[in-house]
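Note sheet for the following structure.
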Amino acid sequence: MRCLLCGDGSILEAQFIAGLTNEQVITLFQRARKSDYEKIIQDANHLLVEWSSELSDPKSPAVKGPAQVSRLQRRLDDVAAIDFFEVSQQGIAKNLIKELTARLSGHSLSMTAVKDGIENLKGKIWVTRKNIFVDRIACAWLIRRFVDTAAVFKFIDKKIYTANPGELCFDMFEGDYTHKGDCCTFEVMIQRFRLQDRALTCLAEVVHDIDLKDNQYDHAETDGFNALLTGLAAAQPADDQRMIDGFQLFENLYAYFKTMDSE
32 MRCLLCGDGS
42 ILEAQFIAGL
52 TNEQVITLFQ
62 RARKSDYEKI
72 IQDANHLLVE
82 WSSELSDPKS
92 PAVKGPAQVS
102 RLQRRLDDVA
112 AIDFFEVSQQ
122 GIAKNLIKEL
132 TARLSGHSLS
142 MTAVKDGIEN
152 LKGKIWVTRK
162 NIFVDRIACA
172 WLIRRFVDTA
182 AVFKFIDKKI
192 YTANPGELCF
202 DMFEGDYTHK
212 GDCCTFEVMI
222 QRFRLQDRAL
232 TCLAEVVHDI
242 DLKDNQYDHA
252 ETDGFNALLT
262 GLAAAQPADD
272 QRMIDGFQLF
282 ENLYAYFKTM
292 DSE
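In this text, residue positions in the sequence shown follow the working numbering: the first is 32, and each later residue adds one.
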């Protein structure tokens, strides 16, 4: 349509998608943004696991850590700009990118306090039993995440083991870190390292209930997380790879609890 006085103009007609209610339209938007965020979360978790390896230093020019984080941040900003209903995955993605940024500066946002002398634990070989599952995967994740990003692990099939110099045993008979009272090894490690973090506490409660099967905390996430770990154990018989794959599961749940804690 052309107006002789004002110039060009347009008339548009908008209507709801046929057959869909307002709630269904919102759900479609949320699903689309959730998928976008999950891709960012997956890539961010991959970087966190990679940067926990002794083979990758995020501050090394060869790794191009700042550029990788900048790309993730731009992707997050683009998705957030069209996330009209602010799905919960946005907070998880933001927290992960904050953690990556902290890693670049040589700090971890997650660790607020640690036991004096924790630096003495760096460079150790961490020994545990073969066929790792929830408690041992959790402990290995905790060690790599908060104690020594280059920690080396050794898996043995002996019930009784005498540690060699430079080795520390966990979740095994008379280990340096093992069950104490009604606490699983993961809980004991958190206490010994003096890590003060509500999200970490929630994660430990999930591990406790899966490992000890006593439903003491009864988190809604416990059964689903147990199913994921059981599937991982069935699909990945090699302990070293099972551990690495398990790190991403623990990183995801930890990030989720961080988001819930900030709401």
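Backbone N, C-alpha and C define an ideal beta-carbon position, used for all residues, glycine too.
Counting other Cβ atoms within 10 Å of its Cβ, Ala-269 stays below 16 and is therefore classed as exposed.
Bounds of any beta strand (DSSP E) do not take in Glu-150, whose DSSP letter is neither H nor E. In the displayed model, Cys-214 falls within a strand according to three-state DSSP. Here the segment 126–138 makes no contact with the segment 153–165; the two share fewer than three CB pairs at distances below 8 Å. For Leu-78, the enclosing alpha helix (DSSP H) begins and ends at 53–82. CA-to-CA, the gap between Arg-64 and Asp-254 works out to about 26 Å.
With contacts defined by Cβ atoms closer than 8 Å, Phe-177 and Leu-226 form a contacting pair.
For Arg-225, the secondary structure class from DSSP, reduced to helix, strand or coil, is coil.
For secondary structure counted as the beta strand (DSSP E) over 3 or more consecutive residues, the segment 167–218 holds these complete runs in sequence order: 183–187, 198–200.
Residue range 96–112 is occupied by the alpha helix (DSSP H) that includes Val-110. Taking 8 Å as the upper bound for CB-CB distance, Ile-174 and Ala-182 are in contact here, some 5 Å apart. Val-165 sits in a helix when the DSSP states are folded into three classes. Our two residues, Lys-189 and Ile-221, have alpha carbons roughly 26 Å apart in a direct line.
By the neighbour-count criterion, in which 16 or more other beta carbons inside 10 Å mark a residue as buried, Lys-289 falls on the buried side.
Under the criterion of beta carbons closer than 8 Å, Thr-159 and Phe-186 qualify as touching, at roughly 6 Å. The Cβ atoms of Arg-167 and Asp-213 do not sit closer than 8 Å to each other.
Sequence-distant partners of Ala-169 (beyond 5 residues in either direction) whose C-beta falls short of 7 Å from its own C-beta, in its chain, are Phe-217, Val-238, Phe-281. Within the same chain, Cβ atoms closer than 6 Å to the Cβ of Ala-194 are found at Cys-200, the five residues on either side in sequence being excluded. For Val-56 and Val-118, the gap between their C-alpha atoms comes out near 14 Å.
Closest in alpha carbon position to Arg-273, among Arg-105, Asn-162, Asp-74, Ile-113, is Asn-162. The beta carbon of Glu-236 sits closer than 7 Å to the beta carbons of Tyr-248, His-250 from its chain, once the five residues preceding and following it are set aside; these are given in chain order. Looking at the backbone, the Cα of Asp-108 and that of Gly-197 are separated by about 45 Å. For Val-158, the enclosing beta strand (DSSP E) starts and ends at 156–160.
In summary, Lys-125 is buried, with 16 or more beta-carbon neighbours lying within 10 Å of its beta-carbon over all protein chains present. Boundaries of the alpha helix (DSSP H) around Ala-133: 120–135. Per DSSP, the unbroken alpha helix (DSSP H) holding Asp-254 starts and ends at 253–266.
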